[in-house]
Structure formats: structure tokens, C-alpha cells
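Numbering (our numbering), first residue to last: 255 to 360.
In C-alpha cells form, the structure reads like this:
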């Protein structure tokens, strides 16, 4: 019975840590780039886009499709970085629990 109570206490601590981590992820920002830095997308590790920067040289009507592609690429780069930041936080949180690989909590 003591093991069960210990597990319940550990689960409550994990839940508290998860809530704190979720809040912290809202403050972690990454930047995705494309076109050699001509387009930048800044987002939080919770995947919330905070800003988009576009170099003025790309603001030409006949290059609209290029700009659209660069925006998608920059967004995807930022998303990958945000996912990596979130994964790193999760790993540091669950590292001491002895959970089997692939058991995602997020």
C-alpha cells in the first residue's frame, strides 16, 4: 500500500510540474528562418506565432509566390525548433520517472 501512496504522490508532483512546464513553454521563443534570413517567424514552444519579419526586397507583386513559400518554410523551421524545445523540457521533467521510451505525456 505504501508503494501505491508513493505513486499517487509522485503523480501529483508530476501534474504540478507539467502545469509549470506548460506555463514556461509559453515563454520559450524560437525563430525559424528561410531565404537566407530574408523571412523570419518567431513563435513560442507552445506553437503560438509571435512575429513575422519579411525583408523589404521580397515585397514585389511578381514575387508573391516566392514570399508565400518562404513564409511556409520559415514557419515550419520555427515549428521544428519549438517542438525540439518542448521535447527537451518534457525529457527533463520525465527523466527521473523511469517511463518506457515512446510513452508520451504531451
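Virtual Cβ for every residue (Gly too), placed ideally from N, Cα, C.
C-alpha gap between residue i and residue j, whole angstroms
i, j, result
"residue 297", "residue 322", "18 angstroms"
"residue 343", "residue 293", "27 angstroms"
"residue 291", "residue 318", "17 angstroms"
"residue 258", "residue 268", "15 angstroms"
"residue 277", "residue 307", "26 angstroms"
"residue 311", "residue 332", "22 angstroms"
"residue 347", "residue 272", "8 angstroms"
"residue 309", "residue 275", "34 angstroms"
Local conformation of residue i per DSSP, three classes
i, result
"residue 294", "strand"
"residue 358", "In this prediction, residue 358 scores a pLDDT of 47, lower than 50, which makes its location untrustworthy; no coordinate-derived value is stated."
"residue 306", "strand"
"residue 299", "coil"
"residue 314", "coil"
"residue 329", "helix"
One or two residues paired with residue i in a DSSP bridge
i, result
"residue 287", "294"
Other residues of its chain near residue i: CB distance less than 8 angstroms, five sequence neighbours each side excluded
i, result
"residue 304", "283, 296, 297 and 298"
Contact set for residue i: own chain, Cβ-Cβ below 6 angstroms, skip 5 residues either direction
i, result
"residue 360", "In this predicted model, residue 360 has a pLDDT of only 46, less than 50, meaning its place in the structure is not dependable; the value taken from the coordinates is given anyway. Only 344 meet the Cβ criterion."
"residue 288", "324, 327 and 328"
Own chain residues within Cβ distance below 7 angstroms of residue i, not counting five before or after
i, result
"residue 301", "333 and 336"
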